[in-house]
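J.: Handing you a structure now.
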Amino acid sequence: MSSSKLVTMANQIALAFQAQGEERALPQIRAHVEKFWDPRMREGLRVHLSQGGDGLDPLALRALAD
Amino acid sequence: MSLVPETDFGTKAVHSDKTVTVTIDGQRIAVPEGTSIMRAAMELGTKIPKLCATDTLDAFGSCRLCLVEIEGRAGTPASCTTPCAPNMVVHTQTPRLKQLRNGVMELYISDHPLDCLTCAANGDCELQEMAGAVGLREVRYGQDGANHVSARTGGCDNHHYKAKDTSNPYFTYDPAKCIVCNRCVRACQEVQGTFALTISGRGFESRVSPGMDEPFMESECVSCGACVQACPTATLTEKKVIEIGQPEHSVVTTCAYCGVGCTFKAEMRGQELVRMVPWKDGKANRGHSCVKGRFAWGYSTHRDRILKPMIREKITDPWREVSWDEALLRVANEFRRIQGQYGKKAVGGITSSRCTNEEVWLVQKLIRAGFGTNNVDTCARVCHSPTGYGLATAYGTSAGTQDFDSIDQADVIVIIGANPTDGHPVVGSKLKRRIREGARLIVIDPRRIDIVETPHVKADYHLALQPGTNVAILTSMAHVIVTEGLANEAFIAERCDIEEYREWAAFVSDMRYSPETISPLTGVPARLIRDAARLYATGGNAAIYYGLGVTEHSQGSTTVMAIANLAMATGNIGRPGVGVNPLRGQNNVQGSCDMGSFPHELPGYRHISNDAVRKSFEDAWATTLDSEPGLRIPNMLDAAVEGSFKAIYIQGEDILQSDPDQTHVAAGLAAMECVVVQDLFLNETANYAHVFLPGSTFLEKDGTFTNAERRIQRVRKVMEPKNGKADWEVTQALARTFGLDWNYAHPSEIMEEVAALTPSFAGVTYEKLDAVGSVQWPCNEEHPEGSPIMHVDRFVRGKGHFVLTEYIPTEERTGPRFPLLLTTGRILSQYNVGAQTRRTENVLWHQEDMLEIHPHDAEQRGVKDGDWVKIQSRAGEIALRAEITDRVAPGVVYTTFHHPLTRANVVTTDFSDWATNCPEYKVTAVQVSPSNGPLQNQLEYEAFSRESRRIAPAAE
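Top to bottom, those sequences are chains A and B.
At position 23 of the first sequence (counting the first as 1) the number is 30 in my numbering, and the numbers step up by one without a gap.
At position 297 of the second sequence (counting the first as 1) the number is 305 in my numbering, and the numbers step up by one without a gap.
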C-alpha cells in the first residue's frame with residue numbers, strides 16, 4: 008500500500024493521542040495500529056520505517072519504530 | 009390470513025396515577041384519570057359512533073356523533089372531549105341520542121356523493137359505517153340543495169364544488185367527499201408537524217386547504233401520508249387503493265429505508281402490495297411514517313430489477329444470463345484461483361446494511377470461515393464507524409443510549425450535524441412535537457436546516473459553524489461548562505473516572521478553548537457558544553441527536569467522544585430524556601455492525617484477536633479463523649490498486665456511487681479480477697462486476713433489522729422473491745458451492761446461531777419478537793425484555809471515560825484555488841444512492857442533485873439560480889445546476905449524492921477519520937464556476953454506464 012497514505016494515517020493517529028502526553032500516547036498509538044490495521048498495512052509501514060520513515064511525525068516515529 | 013386488527017379507541021391513552029370508576033351502559037370500568045368517556049367505552053368494547061375522533065389525534069369534538077347522556081348532567085356532551093369523572097353514569101344509546109345522531113348523519117349525507125359502490129373507500133369508509141351504525145334510512149333534504157358534490161347545480165356552475173386534486177403522485181384529494189372532520193389537518197399538525205393543511209372559509213364554505221388553497225404538490229406538504237391515513241372517507245385516498253381495491257390481508261413488517269425502523273402493516277391483495285400503513289404499535293414510529301416508507305416501494309416491482317444471475321469475462325463484455333449453479337460456480341472457481349495465485353487475503357467482501365441481520369451474519373461468516381480472511385466491511389465504514397469507536401471508548405458500547413420515546417421527556421434537544429426532518433423524518437416529527445410542547449432547541453450545523461425554523465418550532469440557538477470545526481465548538485462548550493461551574497460533579501464522582509475528569513477539566517479550561525478564542529475559527533459568535541453550553545448544562549434533561557455531520561470528518565471519532573464528554577460532564581446519561589443518540593443512516597446499519605461486519609471485530613463488537621471469543625466461533629463453525637484484522641473498504645481499494653487485493657463479494661451496497669473519491673474507487677474495482685455484485689439492480693458498482701447475483705427486496709424475505717435505538721424488529725415476507733431466492737438463500741447457496749455444509753431452512757435458525765454466539769443477542773428469538781413486537785439489545789439473561797436505556801446505573805465499560813479532544817484542523821483547507829467548502833448530505837424524498845427511490849415517483853420532488861450556494865458567492869461568480877456550474881476539488885470536477893439559497897453560509901456549498909450521473913463523489917477526497925478511516929465527505933475545498941452543461945467525464949461515464957449494462961440475448 009502506498010507509503011504516503013500509511014504515513015498520513017499514522018500521523019493522524021499520533022496527533023489524536025498527542026494531547027495525553029508522550030508517555031501515555033506511545034502505547035496507544037501502537038495499539039491502535041495493531042488493532043485496526045491489516046498485516047499488509049503494518050508491513051508497509053514497517054518497510055517505510057526501515058527506510059527512514061520519511062514524512063512521519065516524530066511522535067508516530069517513536070511510537071511505531073521498534 | 010386476514011387484516012391485522014387495530015382498535016381505534018377514539019382518543020389517546022392517558023397516563024395518570026389516579027384512576028376513576030364510571031358506569032357505562034350498566035358496566036363499571038376503572039380508567040386513568042383524564043380518560044375520555046369514548047375511550048373508556050371502547051375499552052369495554054362499546055363503539056360510540058364517531059367521525060372526527062381517532063386515537064392518534066387530540067380530541068376535537070366537532071362531528072357531534074359521539075354524543076352521550078350522563079345522569080345528573082344536562083344536555084348531550086361529546087364523549088370524546090368529556091373526561092370520565094368519579095362514579096359517572098353514562099348512557100351511550102337512548103331515544104334522544106338516536107334521534108340526534110340520525111339527524112346529524114342525515115345532514116352529512118345530504119352533502120356527500122352516493123357513489124358508494126364505485127368509491128375507492130368502499131369497504132373502508134367510516135362515514136358509510138356510521139350511517140349504518142346510526143340507522144340512517146332516508147335523507148329528507150335530498151341531494152339537490154347547496155352542496156359540494158356536483159360540478160353544476162340548478163343548471164349553473166356550483167361555486168362550492170372543487171375538482172379532485174391528483175397532483176400528488178401517491179394520493180388524491182377529492183373535496184366533494186370531504187366532511188370537514190379536520191382529521192387530516194390535525195394529523196398534519198400534531199403527528200407530522202408540517203402545518204401544510206388548514207381549513208379555509210367558515211361554515212358551509214369550510215374546505216380543507218393545502219397551503220394557500222394550492223394543489224398538494226405546490227403546497228408545503230411533504231407527502232408523509234398521515235392525512236391520508238387519518239381520513240375517514242375517500243377524500244384523501246392512496247392512488248394504489250383506487251387502482252387495485254381494498255386489501256384483504258396484512259402483515260406487520262419493518263421499513264427498509266433509514267435507521268428509524270418504522271414498522272408497517274403491508275396491506276396485501278394476494279401477493280400484490282396495496283399499501284403500507286404505519287403500525288400504531290410500532291415502538292419506533294408509533295403509527296407515523298414518511299414519504300419513503302409509506303409510498304416509495306414501487307421499486308420492488310420495477311422493470312429494471314434483474315431477476316436472473318449473469319456473468320461476463322470482462323467488464324467491457326455484455327452480460328450473459330446463466331443458471332444459479334453456473335454463476336455460483338464461477339464465483340467459487342474464481343475466488344479459489346485468485347486465492348491460489350495471490351494468497352488467501354487477496355479476497356474479501358462487503359455486507360449490506362440494507363439487508364437483514366441474518367443475511368449480514370451469513371456474509372461475514374462466509375468471508376471469515378469460507379474465504380478464511382477478515383477482509384469484511386460494511387457501509388458503516390463510511391457513515392457511523394466513528395460512533396462505534398467513540399462511544400465504545402467513552403462508554404463501552406458502540407450504539408446510542410436511548411429509545412426514541414425518550415424524546416418525550418427531553419427538555420433541551422441538541423441536534424449536531426444531522427437533518428432529521430429530511431434524513432430521519434419520523435424522529436424529526438417527534439422532535440418537533442416535543443419542541444412545540446416547550447423543549448428548547450440547539451442546532452449545530454453549517455446549514456440552516458429546516459428544524460432551525462419551521463412552523464411553531466424555532467431553535468433557541470443555531471451555531472452555524474464552518475465545516476470541520478465540530479471538535480473546536482464542542483470542546484469550547486465543555487470549556488464554558490467547566491469554567492462556569494456547571495458540571496454535574498456528583499454524577500461525575502459516582503459514575504466516571506474522577507482523575508480523568510480532572511485532567512479533562514483542566515484541558516478544556518485552557519484559554520485556547522474559550523469561546524472567544526474559538527469564535528474566529530468556527531465563525532460562531534462567542535456569545536452563542538456560551539449560551540448554548542449554559543442551556544445544555546442547566547436546562548433539565550438534555551439529549552443530543554447527531555448524524556453524519558459529526559462522523560464524516562477527519563476528526564469524526566474525536567467529535568463523538570467530545571459529545572460523550574459533554575453528556576457525562578453534565579450527567580445527561582442513564583435515564584429517559586437524555587443521552588447520546590446517533591441517527592443511523594441505513595435501515596440496518598446498526599444491525600450490520602452488531603453482526604460482525606467490521607474487519608477487526610467478531611459479532612458483538614469483540615476484537616478478532618481475543619482468543620476465547622475467536623475459539624467460540626471456531627468451535628461453532630468447525631474452522632480456524634484468522635486472528636489478524638482485515639482490510640477496511642478504503643484499504644481494500646488501496647490494496648486493489650496496488651495489486652494485493654483481487655476479488656470482492658458485495659451484497660447490497662453501491663460503493664462506486666456512495667464512497668468518496670470515485671475515481672479512486674473505480675480504479676480499485678477495475679484492478680480486481682473478480683467483482684461479484686448482489687443487488688436488486690445493475691447498480692453503479694456493477695459496471696465493474698464480473699458476476700451479478702440478483703437480490704431480493706425486504707418484502708420478499710424473513711429476517712430482522714436493528715434500528716438506531718438498538719431495536720430488533722421482524723421483517724416478514726409478504727411475497728415470493730421475484731428472483732427466486734431471498735438474499736440469505738443466495739449467500740447460503742454460494743457458501744455451499746465453496747464446500748461449506750450450510751443447511752439453514754429459515755432465517756430463524758440463523759438467529760439461533762446469532763443468539764448462541766453473541767452475548768448481547770442471547771435472549772433474542774423469533775418467538776420472543778413475535779410475542780413482544782421488538783426488543784432493544786442487550787437482550788439476555790440480565791435484561792430478558794431488552795434495554796430501552798443504557799448505562800442506567802453504571803457505564804457498560806465500568807467508569808465513564810473522559811477523552812482529551814484536541815482540535816486538529818483537517819488538512820483539507822480552503823485556499824486561493826479552492827476557496828469554498830463543499831459539504832454533502834441527503835434530502836427527504838431520496839434515500840442513499842437513490843437506487844430504490846429514483847425508481848419511484850419520489851423523483852417528482854428531486855430529479856437531480858443541485859448545488860446549494862449562497863447568493864453572495866453566486867453573485868461573485870456570475871451564477872444565477874438554475875445555472876449549470878462546475879465544481880472542482882483537488883480530487884476531480886463535475887457540473888450540476890445551482891440553487892441559490894441562504895440556507896448555506898457564505899463560503900459553504902452543499903449537494904446531495906442521490907443521482908449517479910452527477911458523480912458527486914468524484915469531487916470528494918480521500919481524507920478520512922483518524923481512527924476508523926470514515927471518509928471526510930463533509931469537508932471538501934472546492935471552486936465553483938459557470939459551466940455550459942455536464943462535463944466530459946460525466947458524459948463519458950453515462951456512455952460507459954449504458955454500455956456496461958448491456959445484456960446479451962439468451963443463448964439457446
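Virtual Cβ for every residue (Gly too), placed ideally from N, Cα, C.
How big is the Cα-Cα spacing for Asp-894/B and Leu-473/B?
T.: Your numbering for residue 894/B matches position 886 in the second sequence. Your numbering for residue 473/B matches position 465 in the second sequence. The straight-line gap from Cα to Cα measures roughly 14 Å.
J.: According to DSSP, is Leu-96/A part of a helix, a strand, or is it coil?
T.: There is simply no residue 96/A to check, as chain A begins at 8 and stops at 73 in what is shown.
J.: I need the DSSP call for Met-9/B, collapsed to helix, strand or coil.
T.: Here residue 9/B refers to the residue found at position 1 when the second sequence is read from its first residue. Coil, per DSSP.
J.: Roughly how many whole angstroms lie between the Cα atoms of Ala-577/B and Phe-203/B?
T.: To locate residue 577/B, count along the second sequence from 1; it is residue 569. To locate residue 203/B, count along the second sequence from 1; it is residue 195. Their Cα atoms are separated by approximately 38 Å.
J.: Tell me, please, which residues DSSP counts as bridged to Asn-589/B.
T.: For the purposes of this step, residue 589/B is taken as the residue at position 581 of the second sequence. According to DSSP, Asn-589/B bridges with Tyr-553/B.
J.: Return the chain-ordered list of same chain residues with a C-beta closer than 7 Å to the C-beta of Ile-443/B, the five sequence neighbours on each side being excluded.
T.: Mapped onto the second sequence, residue 443/B falls at position 435. So the qualifying residues of the chain are Ile-421, Leu-449, Val-465.
J.: Taking C-beta pairs closer than 9 Å, name the residues in chain A that Thr-386/B reaches, listed in chain order.
T.: Taking the first residue of the second sequence as 1, we reach residue 386/B at position 378. None at all; the shortest Cβ gap to chain A is about 15 Å.
J.: Please give the ranges of any beta strand (DSSP E) in the stretch 667-709 of chain B, keeping only runs that are unbroken, at least 3 residues long and fully inside the region.
T.: Complete beta strand (DSSP E) runs here, min 3: 682-687, 699-702.
J.: Does the beta carbon of His-608/B come closer than 9 Å to any beta carbon on chain A?
T.: Translated into the one-based positions of the second sequence, residue 608/B becomes position 600. So, interface residue.
J.: Can a CB atom of chain A be found closer than 9 Å to the CB of Gln-563/B?
T.: Stepping through the second sequence from its first residue, residue 563/B is reached at position 555. Taking Cβ atoms only, chain A reaches closer than 9 Å to Gln-563/B, which makes this a yes.
J.: Terminal residues of the continuous beta strand (DSSP E) containing Lys-185/B?
T.: Here the question's residue 185/B lines up with position 177 in the second sequence. Per DSSP, Lys-185/B belongs to no beta strand (DSSP E) and is neither H nor E.
J.: Of the residues that make up the stretch 500-519 of chain B, which ones have a beta carbon closer than 8 Å to any beta carbon in chain A?
T.: Within the stretch 500-519 of chain B, the qualifying residues are Phe-515.
J.: Should Thr-243/B and Asp-182/B be called a contact, given that it needs their Cβ atoms to be closer than 9 Å?
T.: The sequence position of residue 243/B within the second sequence is 235, counting from 1. The sequence position of residue 182/B within the second sequence is 174, counting from 1. Against a cut-off of 9 Å, the Cβ pair of Asp-182/B and Thr-243/B comes out as a contact.
J.: Per DSSP, Thr-262/B forms a beta bridge with which residues?
T.: Residue 262/B sits at position 254 when you count from the first residue of the second sequence. The partner list for Thr-262/B (beta bridge, DSSP) reads Thr-271/B.
J.: Taking only beta carbons into account, state which residues of the stretch 621-637 of chain B come closer than 8 Å to chain A, listed in chain order.
T.: Within the stretch 621-637 of chain B, the residues whose Cβ lies closer than 8 Å to some Cβ of chain A are Glu-636, Pro-637, listed in chain order.
J.: For a contact defined as C-beta to C-beta under 8 Å, what are the partners of Ala-32/A on chain B?
T.: Translated into the one-based positions of the first sequence, residue 32/A becomes position 25. Correct list: empty, because the minimum Cβ distance to chain B is about 10 Å.
J.: DSSP on Phe-713/B, reduced to helix/strand/coil?
T.: By one-based count along the second sequence, residue 713/B stands at place 705. Here Phe-713/B sits in strand by DSSP.
J.: List, in order along the chain, the chain A residues whose C-beta lies closer than 8 Å to that of Ala-697/B?
T.: Position 689 of the second sequence holds residue 697/B. Simply none; closest approach about 24 Å.
J.: Tell me where the beta strand (DSSP E) around Trp-876/B begins and ends.
T.: Looking up residue 876/B in the second sequence gives position 868. Per DSSP, Trp-876/B belongs to the beta strand (DSSP E) from 876-880.
J.: Would you tell me roughly how many angstroms separate the C-alpha atoms of Ser-920/B and Ile-20/A, rounded to the nearest one?
T.: Mapped onto the second sequence, residue 920/B falls at position 912. Mapped onto the first sequence, residue 20/A falls at position 13. Computed Cα separation, rounded: 11 Å.
J.: Could you check what DSSP says for Ala-577/B in three-state terms: helix, strand or coil?
T.: The residue given as residue 577/B occupies position 569 in the second sequence. Reduced to three states, the DSSP call for Ala-577/B is helix.
J.: Nearest by alpha-carbon distance to Trp-853/B: which of Ala-647/B, Ala-951/B, Val-285/B, Val-230/B is it?
T.: Taking the first residue of the second sequence as 1, we reach residue 853/B at position 845. For the residues Ala-647/B, Ala-951/B, Val-285/B, Val-230/B, the minimum Cα distance to Trp-853/B belongs to Val-230/B.
J.: Please determine, among Pro-729/B, Pro-755/B, Thr-712/B, Asp-667/B, the residue with the shortest C-alpha to C-alpha distance to Asp-918/B.
T.: Taking the first residue of the second sequence as position 1, residue 918/B is located at position 910. Of Pro-729/B, Pro-755/B, Thr-712/B, Asp-667/B, the residue nearest in Cα terms is Asp-667/B.
J.: In the structure shown, what three-state DSSP assignment does Lys-776/B receive?
T.: Counting from 1 along the second sequence, the entry for residue 776/B is found at position 768. DSSP places Lys-776/B in helix when its eight states are reduced to three.
J.: For the beta strand (DSSP E) that Met-858/B lies in, which residues bound it at each end?
T.: Along the second sequence, one-based indexing puts residue 858/B at 850. Start and end: 858-861.
J.: If we call anything under 9 Å between Cβ atoms a contact, is Met-569/B one with Asn-383/B?
T.: Your numbering for residue 569/B matches position 561 in the second sequence. Your numbering for residue 383/B matches position 375 in the second sequence. Going by C-beta atoms, Met-569/B is not nearer than 9 Å to Asn-383/B.
J.: Can you confirm whether Asp-45/A, when its beta carbon is compared against all beta carbons of chain B, has any partner nearer than 9 Å?
T.: Translated into positions along the first sequence, residue 45/A becomes position 38. Asp-45/A counts as touching chain B.
J.: Take the Cβ of Val-355/B as the centre, count every other Cβ of all protein chains shown within 10 Å, and call the residue buried at 16 or more, exposed below.
T.: Taking the first residue of the second sequence as position 1, residue 355/B is located at position 347. Under this definition Val-355/B is a buried residue.
J.: On the CB-based measure, 16 or more other CB atoms within 10 Å of its CB, does Leu-754/B come out buried or exposed?
T.: If you number the second sequence from 1, residue 754/B lands on position 746. Contrary to the premise, residue 754/B reads as His rather than Leu in this sequence. Under this definition His-754/B is an exposed residue.
J.: Is it buried or exposed, Gly-612/B, if we count other Cβ atoms within 10 angstroms and call 16 or more buried?
T.: In the second sequence, counting from the first residue as 1, residue 612/B sits at position 604. Gly-612/B comes out buried.
J.: Taking the alpha helix (DSSP H) that Gly-599/B belongs to, which residues open and close that run?
T.: By one-based count along the second sequence, residue 599/B stands at place 591. Element bounds for Gly-599/B: 597-602.
J.: The alpha helix (DSSP H) with Leu-449/B in it runs from where to where?
T.: Walking along the second sequence from the start, residue 449/B turns up at place 441. It is not in any alpha helix (DSSP H) - Leu-449/B instead sits in the beta strand (DSSP E) that spans 448-452.
J.: Taking just the CA atoms, how far does Pro-590/B sit from Tyr-553/B?
T.: Here residue 553/B corresponds to residue number 545 of the second sequence, with the count starting at 1. Here residue 590/B corresponds to residue number 582 of the second sequence, with the count starting at 1. Distance between the alpha carbons of Tyr-553/B and Pro-590/B: 6 Å.
J.: When you compare each of Ala-648/B, Val-915/B, Arg-911/B to Leu-830/B by their alpha carbons, which one comes out closest?
T.: For this step, residue 830/B is matched to residue 822 along the second sequence. The option with the nearest alpha carbon to Leu-830/B is Val-915/B.
J.: Indicate whether Arg-846/B and His-906/B have their beta-carbon atoms separated by less than 9 Å.
T.: For the purposes of this step, residue 846/B is taken as the residue at position 838 of the second sequence. For the purposes of this step, residue 906/B is taken as the residue at position 898 of the second sequence. In this structure, His-906/B lies closer than 9 Å to Arg-846/B by Cβ.
J.: Would you report the Cα separation of Glu-681/B and Arg-344/B, rounded to the nearest angstrom?
T.: Mapped onto the second sequence, residue 681/B falls at position 673. Mapped onto the second sequence, residue 344/B falls at position 336. Each residue's Cα considered, the two are about 12 Å apart.
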